[in-house]
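Residue numbers (the numbering used here), protein chains in the order written: chain A, 65 to 426; chain B, 65 to 426; chain C, 65 to 426; chain D, 65 to 426; chain E, 65 to 426.
Beta carbons: idealized from backbone N, C-alpha and C, even for Gly.
These notes are about the structure you will find just below.
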Amino acid sequence: MSAKRRKKQQTTKIQPKRAKNLSPGTVSYTGKKTITNTQLDIIDYSKEHYNRFETHAIEDAFKYEDSTHITWINVNGLSNADDIITLGNHFELHPLIQEDIVTTNQRPKIDEYEEYLFIVFKMLHYDDNELLTNEHVSMVMGKDYVLTFQEAEGDVFGDLRERLEHGKGRIRGVGADYLMFAILDAVVDNYFTVIDFLSNKLELLEDKLFGDKEDPNITEDIQELKKEILKIRKAVVPLREVINRLEKIETPLIEERTNKYIRDLYDHIIQVNESVEIYRDMIWGLMDMYMTTISNKMNEVMKVLTIMASIFIPLTFLAGIYGMNFKNMPELDFKYGYYYLLGSMVLVFFAMIWYFKRKKWL
Amino acid sequence: MSAKRRKKQQTTKIQPKRAKNLSPGTVSYTGKKTITNTQLDIIDYSKEHYNRFETHAIEDAFKYEDSTHITWINVNGLSNADDIITLGNHFELHPLIQEDIVTTNQRPKIDEYEEYLFIVFKMLHYDDNELLTNEHVSMVMGKDYVLTFQEAEGDVFGDLRERLEHGKGRIRGVGADYLMFAILDAVVDNYFTVIDFLSNKLELLEDKLFGDKEDPNITEDIQELKKEILKIRKAVVPLREVINRLEKIETPLIEERTNKYIRDLYDHIIQVNESVEIYRDMIWGLMDMYMTTISNKMNEVMKVLTIMASIFIPLTFLAGIYGMNFKNMPELDFKYGYYYLLGSMVLVFFAMIWYFKRKKWL
Amino acid sequence: MSAKRRKKQQTTKIQPKRAKNLSPGTVSYTGKKTITNTQLDIIDYSKEHYNRFETHAIEDAFKYEDSTHITWINVNGLSNADDIITLGNHFELHPLIQEDIVTTNQRPKIDEYEEYLFIVFKMLHYDDNELLTNEHVSMVMGKDYVLTFQEAEGDVFGDLRERLEHGKGRIRGVGADYLMFAILDAVVDNYFTVIDFLSNKLELLEDKLFGDKEDPNITEDIQELKKEILKIRKAVVPLREVINRLEKIETPLIEERTNKYIRDLYDHIIQVNESVEIYRDMIWGLMDMYMTTISNKMNEVMKVLTIMASIFIPLTFLAGIYGMNFKNMPELDFKYGYYYLLGSMVLVFFAMIWYFKRKKWL
Amino acid sequence: MSAKRRKKQQTTKIQPKRAKNLSPGTVSYTGKKTITNTQLDIIDYSKEHYNRFETHAIEDAFKYEDSTHITWINVNGLSNADDIITLGNHFELHPLIQEDIVTTNQRPKIDEYEEYLFIVFKMLHYDDNELLTNEHVSMVMGKDYVLTFQEAEGDVFGDLRERLEHGKGRIRGVGADYLMFAILDAVVDNYFTVIDFLSNKLELLEDKLFGDKEDPNITEDIQELKKEILKIRKAVVPLREVINRLEKIETPLIEERTNKYIRDLYDHIIQVNESVEIYRDMIWGLMDMYMTTISNKMNEVMKVLTIMASIFIPLTFLAGIYGMNFKNMPELDFKYGYYYLLGSMVLVFFAMIWYFKRKKWL
Amino acid sequence: MSAKRRKKQQTTKIQPKRAKNLSPGTVSYTGKKTITNTQLDIIDYSKEHYNRFETHAIEDAFKYEDSTHITWINVNGLSNADDIITLGNHFELHPLIQEDIVTTNQRPKIDEYEEYLFIVFKMLHYDDNELLTNEHVSMVMGKDYVLTFQEAEGDVFGDLRERLEHGKGRIRGVGADYLMFAILDAVVDNYFTVIDFLSNKLELLEDKLFGDKEDPNITEDIQELKKEILKIRKAVVPLREVINRLEKIETPLIEERTNKYIRDLYDHIIQVNESVEIYRDMIWGLMDMYMTTISNKMNEVMKVLTIMASIFIPLTFLAGIYGMNFKNMPELDFKYGYYYLLGSMVLVFFAMIWYFKRKKWL
């Protein structure tokens with residue numbers, strides 16, 4: 065199918081707003097963030113040249129497309145479907161791609177087209193309330209341009225932009241494929257940060273668990289952590305497959321020298337993945353550990369009860385005996401009867417103590 | 065084997081009613097719903113043309129078959145085997161297909177024939193009692209027709225029909241293969257709805273678990289949820305394989321441009337599948353969580369008992385001592401003996417309180 | 065190796081009785097059932113012709129072998145090795161096959177030979193004591209004959225024989241390969257029956273678990289069920305592989321039109337297998353559920369104890385105070401001292417009740 | 065690399081004693097058994113001929129090598145490295161093979177060389193103390209000889225030798241490859257015996273678990289069983305791979321007719337493997353079962369306590385009331401006060417009994 | 065890409081210090097150990113020749129590169145990035161390799177380049193505090209040289225150096241590929257040592273668990289062990305893949321005769337891996353075992369409590385009865401009332417003892 069024909073199809077098909085059960089290929093934002101103004105952040109660079117500006121007018125983006133420079137258009141805000149459609153049609157993006165860009169629960173994937181690659185991935189970060197949020201990001205990589213679509217402005221690409229501006233690293237001298245790699249590399253680097261944060265939370269929880277103070281919320285905390293690790297997995301596992309496939313794709317869009325970097329990136333995502341699996345194991349194990357600490361505490365409680373009751377119940381019984389009002393109870397008239405009884409009570413007391421010591425309960 | 069020969073075989077072989085151990089290829093409805101009248105819902109459309117009517121007479125369906133339009137015949141009610149056989153013979157469906165159409169516990173699968181594709185899948189929905197029910201649906205996709213067979217009229221295809229009627233999306237301009245895709249897409253979309261419902265039930269159960277009020281039915285609720293997730297899995301996992309194979313089938317029945325859509329559909333079913341696996345993990349984990357909450361509660365109960373008993377049993381013992389009737393008990397004659405004793409009892413009381421405070425039980 | 069040579073080898077090698085560590089290829093019955101008389105049930109049929117008779121004389125079977133009809137020889141009783149050897153040598157069965165026929169713990173498998181296929185499978189049924197028993201069955205399918213070997217007469221093939229006799233279904237008009245398929249189909253159908261029975265037992269156990277009455281045997285029942293599901297798995301899993309391989313075998317013995325039926329059979333065995341896995345999961349989960357019900361019950365027991373003890377121990381202490389015999393206890397002489405005390409006891413009582421109500425223990 | 069060159073290398077390289085971190089290819093016994101005299105058991109046979117003798121002189125073995133007979137040299141005792149080296153050099157075994165022969169913790173494997181196959185496997189048996197011990201065995205199979213190396217004389221090959229001597233089975237008439245198969249077959253047969261023994265231990269443990277008598281060592285017994293099953297797995301799993309590869313090797317050393325037997329052997333080892341997995345599951349499940357029996361017992365203990373305490377604590381409180389010494393306690397002066405109280409105590413008693421009966425605790 | 069060009073790129077790109085989000089290919093040490101002086105340990109050898117010296121000047125290493133001898137340069141200390149860059153540039157190492165050398169959390173991997181192989185692996189050892197530490201090691205193997213980069217001087221290569229010096233084994237006569245193998249072999253051997261140590265810790269923990277003395281830290285110890293086994297897995301699992309790939313690589317750098325040794329190495333790493341999995345299973349099982357021992361102990365505690373309470377609470381009640389002050393209590397006036405009561409108390413006492421004996425609680 066030629067790009068021309070595809071373009072035509074989409075212009076006839078796309079609807080302004082998409083509800084459930086709409087036709088596949090309909091572009092309708094499904095996320096929560098509502099930035100009414102789509103904001104474009106355009107960087108245009110070559111080895112010698114660097115230019116960056118921001119705009120809200122989609123059309124401003126187009127004048128850079130045909131230049132000999134590499135153009136990186138970062139779109140913030142997906143709620144205005146018209147803007148996405150305008151941009152998408154200009155770059156001749158397939159309707160399904162346009163749909164995926166605004167479908168925020170689309171899982172990470174890679175689609176190969178003749179003239180561009182389309183990659184969906186997730187950006188993860190802990191927000192101010194220490195809640196893990198994930199952001200839907202799409203990327204289109206063409207011959208001399210890269211488009212990225214975010215729900216809201218993130219801070220993950222900051223360093224990358226700086227490197228672009230100051231010409232650090234090899235980034236300025238090479239093509240759009242290297243830029244694509246650098247963006248993915250920034251994302252994977254970010255995963256490491258997220259996992260470090262999670263690992264801290266896990267260690268805090270472990271300390272809480274082994275600590276003296278009881279915290280009835282630990283079960284909920286563990287459950288929370290489980291959900292977070294599942295969220296991370298949901299972002300990482302498919303991205304691993306994406307990068308794996310990226311390594312194997314045969315396309316003129318990716319130069320041979322970039323492959324080494326993608327292979328490196330694949331190593332990193334595997335490392336992320338392994339860490340996720342390990343932390344998953346650890347979190348799942350936490351529940352067992354918590355169970356044993358609960359049982360241990362109950363054991364201690366029971367011991368205190370048992371020791372107190374076992375010592376004093378028999379003694380109370382003895383006292384009860386001599387509290388009876390029988391007429392004929394000779395012991396009551398013994399001169400030292402009371403002292404004899406006190407003495408035997410002390411004996412019983414120490415016998416019990418010795419018994420519990422021997423059982424190592426004391 | 066030519067379609068002619070196949071047709072012959074089936075007309076001699078098919079029996080009116082099929083019990084267990086009947087010959088394979090026998091058409092006998094195995095479900096519970098008994099709609100005596102098979103109901104046909106026929107949509108005939110092309111880019112310019114749309115026509116829909118309902119009928120109970122099988123033969124009415126045949127006049128549309130040879131037209132240049134796409135014909136979608138939806139059959140509601142599988143209990144009348146004769147109707148299915150009549151229809152099946154007309155479209156030259158293999159006896160095994162006719163059997164699978166009415167065998168409601170047939171698992172999802174795809175069979176390739178020279179002149180049509182046969183797909184079995186399950187429709188899931190929660191009924192009015194919040195019970196998950198699954199409905200057996202079969203689909204035959206030929207060159208210019210699609211047949212679907214349902215046990216009872218469902219509401220999943222409503223939006224699709226509307227899109228067909230109003231010519232929304234690309235659906236009217238393309239072939240039967242796209243209609244097949246659109247039907248499967250509606251089914252997978254429906255799975256998302258079902259999973260959302262399950263996820264709500266899961267969260268309610270979690271709240272119940274962490275809530276104060278004890279609910280002795282939680283174990284049964286968890287078991288119920290386990291069964292539901294297994295039911296969903298049973299529908300989703302084989303459908304994933306079906307769509308995967310659909311993607312790879314090389315058949316003139318599916319146009320090349322539809323492949324992109326099927327790939328997209330595969331992405332969706334994988335997403336459903338991952339969600340199912342995640343919820344499965346969560347539900348299985350619930351049991352552990354419930355166990356810890358039970359243990360936590362028992363711990364609390366035990367502590368109350370231990371504190372009460374540990375404080376009052378020794379005190380009662382002390383009171384017991386001075387309730388004894390020994391003649392010679394000098395303390396009893398002390399002027400302030402009673403007050404001294406009360407004082408030491410208060411001391412013991414606070415010593416115990418301090419002890420339990422230090423142990424963080426209070 | 066030609067069939068001739070093979071025949072020679074076996075006639076020199078076979079021993080009358082085989083103990084452990086005998087040479088491989090030795091035919092020695094390893095099962096428990098001892099039917100001294102091997103019983104043959106021979107059905108000879110073609111499209112127009114049907115003939116069935118039973119015999120104890122092996123040689124009677126041979127006169128039908130060369131006819132143009134399909135011959136199905138069902139052998140009941142494997143304890144008489146000589147009979148098996150006679151029959152096996154006549155049909156030129158490889159010594160290893162003869163060994164496998166009488167080795168009742170041989171796992172399901174398929175062996176391809178040039179002139180026949182050899183399939184081992186297991187028949188499962190619950191006996192009168194509701195114990196799951198498995199029966200070793202072997203089948204040899206040659207160009208125009210099928211041999212089946214059972215330990216004891218089963219009832220699984222009854223329907224099949226009837227269909228053969230009355231010419232129902234397609235079975236009479238087609239070759240030995242279809243008969244082989246029909247036999248396997250009857251076996252897989254039987255697995256569904258067995259699983260249904262197991263599912264009933266599982267549900268009964270679940271009801272018992274959630275029921276009021278305590279049943280100390282539940283653990284043993286669960287263990288029993290575990291063993292049964294493992295037994296079923298041991299029969300089903302390898303048979304699935306057998307049928308899978310049967311689907312892929314390239315042999316002139318299986319006609320192309322039978323392949324469709326075998327594929328269908330494969331669908332069924334996969335369905336059986338999935339059910340087994342699901343029930344396995346359910347049974348393994350039962351233990352956890354049982355554990356929580358035990359803990360729940362213990363929780364309830366503990367609460368009763370705690371409430372009774374927490375209410376009455378302090379009250380008893382109060383009574384103990386005023387049971388002391390101190391000379392100087394002014395309260396004892398108060399006119400309404402007793403009533404004041406009774407009043408405060410009632411207060412304490414209701415305070416405790418209120419406390420436990422607030423804790424939702426009452 | 066030619067056999068000549070290999071031989072040269074090894075004669076220069078081999079060291080008398082090998083400690084950790086020695087050069088790879090160094091022959092140094094790592095086991096525990098110290099039979100100072102290497103003992104050779106040589107069987108030389110052909111269809112008509114059988115000769116067996118034992119010796120301690122390695123050189124005695126060499127005269128048989130070039131004969132037209134099949135020679136099986138079984139070496140007992142691996143502690144004398146020089147003997148192994150002498151023998152190994154004579155048969156031109158690669159230094160790595162010589163190392164593997166004496167490295168008793170080498171896992172089962174198969175190595176293909178041009179002129180021989182080298183197989184390492186484990187022999188398992190329960191010793192007199194019912195401890196599972198594994199013995200390292202290596203086998204070299206050349207054109208007309210088989211070498212086996214054992215740490216100590218085992219009894220597994222006894223039947224095989226007898227069959228060789230008396231010409232039972234097909235063993236005498238065929239080549240060294242069949243002997244290799246027969247040896248492996250004896251080993252796999254032996255695994256069945258070991259698993260039977262384990263299965264008996266498992267059943268005994270289960271009986272213990274469900275029995276009345278408490279046995280505090282059950283946890284240790286289960287742990288022991290776990291270790292044994294892991295030990296068996298460690299022997300069986302890699303041997304399965306070895307036999308699988310043996311089936312697929314293309315080498316002139318194995319005749320085509322032996323393949324059928326190896327396939328059979330593979331069936332057997334798979335069966336062993338499945339049994340191991342099933343028993344593993346059972347043993348792992350034992351822990352859960354034990355846990356529930358403990359909890360059940362605790363439940364019973366708690367019930368006795370609760371019933372006793374709930375009945376007698378209130379009664380004791382009642383008695384305590386009327387043990388008080390208040391001046392003004394009118395009930396004390398009632399004529400039948402005592403009997404009224406006794407009556408109400410009996411009432412309370414039966415009320416409690418009724419309560420516990422209703423709760424099904426009695 | 066030619067080596068020349070690569071060299072150029074790296075000299076322009078490398079930064080002195082690398083923080084997070086630096087450009088990929090930037091060489092910046094990420095570990096903790098700060099040895100300011102990079103230390104080189106150079107061994108230069110051939111069959112007849114052996115020379116070793118240490119230096120801190122990177123340039124000293126270069127004069128040996130072009131000799132006909134094999135040169136092994138071991139670099140201790142990675143904190144001085146300039147040194148690594150100087151060395152790396154001299155040997156024309158790709159910037160990504162230089163980055164990996166100093167990135168201490170890089171997971172084990174193998175990268176093939178035209179002129180060298182690059183392998184990353186981990187060295188494990190227990191430090192003086194019995195903490196498991198892992199050290200990042202990289203190795204570059206070229207035609208006639210091997211470079212190894214360690215964070216700090218380890219002792220794992222000591223034996224290897226000795227063998228090199230004294231010409232033991234085949235090591236001196238063969239190429240750099242064999243040296244590479246010998247280094248990896250030393251590392252895998254070291255893993256066995258580490259696992260042995262872990263296995264000892266595991267057994268100690270098991271003894272603790274089954275021992276009488278309670279140790280509240282057992283949960284933490286198990287958790288610690290879990291983390292260690294995960295650490296080992298993280299080193300072993302990817303190295304297994306590395307060696308597997310090493311076995312399959314087709315490169316002129318590895319001579320054919322070395323392949324046999326690599327295959328052997330692969331056997332060893334699989335053995336390590338299996339042990340790791342087994343110990344992992346064992347450690348995970350420990351938690352369950354610990355849980356049962358806790359429950360068992362609680363059971364015992366509960367029994368003591370129940371027995372004491374059940375015996376003495378009824379007796380105390382009896383004593384309470386006759387401690388009441390009713391006017392009309394005829395028993396009190398019986399001559400032997402007291403003795404009758406004592407007698408019945410003894411009866412009750414022994415009845416309880418008998419009851420608990422029958423229940424096997426005593």
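Interface criterion not met: the Cβ of Y255 of chain D is under 9 Å from no Cβ in chain C. Taking 9 Å as the cut-off, the Cβ atoms of P302 of chain D and A246 of chain E do not count as close.
Judged by beta-carbon spacing, M351 of chain B lies within the 9 Å limit of T283 of chain B, meaning their Cβ atoms are closer than that value. Between D397 of chain C and chain D, the shortest Cβ-Cβ separation is below 9 Å. Straight through space, the alpha carbons of Y255 of chain B and R236 of chain B are spaced by roughly 25 Å.
Around E284 of chain B, the beta-carbon contacts reaching into chain C at under 8 Å are F274.
When the Cα atoms are used, L142 of chain E and I134 of chain A turn out to be separated by approximately 37 Å.
Flagged as an interface residue toward chain D: L369 of chain C, by a C-beta distance shorter than 9 Å. With 16 or more other Cβ atoms inside 10 Å of its own Cβ, A373 of chain B counts as buried. Under the 10 Å beta carbon count, I417 of chain E is surrounded by fewer than 16 other beta carbons and is classified as exposed.
Counting only the Cα atoms, N389 of chain B lies some 12 Å from K399 of chain A.
The Cβ-Cβ distance between D397 of chain D and K391 of chain E falls below 9 Å. Of A:F376, A:L405, A:I377 and A:V210, the smallest CA-CA separation from Y386 of chain A is found for A:L405. In the displayed model, L406 of chain B falls within a helix according to three-state DSSP. Interface flag for P88 of chain E against chain A is set, since a Cβ pair is found closer than 9 Å.
Under a 10 Å Cβ-count criterion, N193 of chain A is classified as exposed, with fewer than 16 other Cβ atoms of the shown protein chains found around its own Cβ.
Under DSSP, N140 of chain B takes part in a beta bridge, and its partners are B:Q103 and B:Q214.
Approximately 7 Å separates the beta-carbon atoms of I286 of chain A and I347 of chain A; this is inside 8 Å, confirming the contact. Between N138 of chain A and H120 of chain A, the C-beta gap is not smaller than 9 Å, which leaves the two residues out of contact. Taken in chain order, the complete alpha helix (DSSP H) segments of 4 or more residues contained in the stretch 263 to 333 of chain A are 282 to 312. Under the 9 Å criterion on CB atoms, M355 of chain B is classed as interfacial with respect to chain C. DSSP places N198 of chain C in the uninterrupted beta strand (DSSP E) bounded by L196 to M205.
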